[in-house]
Amino acid sequence: KQWYQRRVAITAGPKYTPDTSLRACSLLIQDCPTLAEDLFNAVFVSLWSNQLTEDQQDKLNENLRKALEHQNITEVTMTILNLAEFMAHWGKGELDIENQVFARAARRGNAYAESLYYVEKSFLNNESGMLAELLRINNTLQQHQAACGVLEYAKLHPNVDKPQ
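Okay, here's the thing in structure tokens:
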């Protein structure tokens with residue numbers, strides 16, 4: 082039942098987007114359902130940018146955050162992570178979700194490179210607890226030189242990762 086509801090929601094999306102090129106694809110999707118999944122990010126961004134109010138965006142952000150934090154379905158997690166990356170890459174705004182939430186979700190989905198990306202962003206924003214996480218992920222990815230660099234940095238800056 083959930084699979085069917087998801088399929089209906091994805092295939093219906095292009096019908097409602099204000100983007101005429103995406104709307105034109107709605108007929109193609111009936112013959113090629115996998116096209117809807119390929120267009121999901123573009124349709125989402127079109128609806129996000131042109132149809133949703135700020136309050137609706139806030140509510141959707143909160144629901145996406147909850148989905149990342151409280152479910153373990155890899156496909157759902159990766160869809161949200163890919164969406165966030167798509168939005169950031171194309172300059173269409175960003176989901177208002179903390180980097181650490183993205184990092185934990187990516188790690189649970191075994192997307193360690195993506196997790197590393199968000200941990201690095203957190204570290205650059207001076208969020209505490211990131212050195213240990215940088216070390217852990219670099220070791221998992223077998224990036225031993227990077228892990229050694231994290232250790233060297235920690236030696237040179239012993240108070241960096243301590244809560245203030």
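Okay, so the sequence shown: first residue is 82 according to this note's numbering, each after it adds one.
Every residue, glycine too, gets a C-beta built ideally from N, C-alpha and C.
Item: Under the three-state DSSP convention, the category Gly210 falls into; Value: coil
Item: Cβ-based neighbour list, Glu150, same chain, cut-off 8 angstroms, excluding 5 preceding and 5 following; Value: Val182, Arg185, Ala186
Item: Own chain partners of Asn122 with C-beta closer than 6 angstroms, once the 5 adjacent residues on each side are dropped; Value: Leu164, Phe167
Item: Exposed unless 16 or more other CB atoms sit within 10 angstroms - verdict on Leu205; Value: exposed
Item: Continuous alpha helix (DSSP H) assignments of at least 4 residues falling wholly in the stretch 136-210; Value: 155-170, 180-189, 193-205
Item: Status (buried if at least 16 other CB within 10 Å, exposed otherwise) for Leu215; Value: buried
Item: Cα-Cα separation, Tyr199 to Asn219; Value: 13 angstroms
Item: Per-residue DSSP class, three states only, for Glu240; Value: Looking at the sequence shown, residue 240 is not Glu but Asn. Three-state DSSP puts Asn240 in coil, outside helix and strand.
Item: Where Val89 falls: helix, strand or coil (DSSP); Value: Any reading at Val89 must be qualified, since the residue scores a pLDDT of 44, below 50, and its modelled position is unreliable; no value is offered.
Item: Glu233 versus Pro239: straight-line alpha-carbon distance, rounded; Value: 10 angstroms
Item: Buried versus exposed, by CB contacts within 10 Å (16 or more), Leu120; Value: buried
Item: Integer Cβ distance of Tyr129 from Gly190, believed to fall under 8 angstroms; Value: Going by the sequence as given, residue 129 is Trp instead of Tyr. Rounded, the Cβ-Cβ distance is 23 angstroms, inconsistent with contact.
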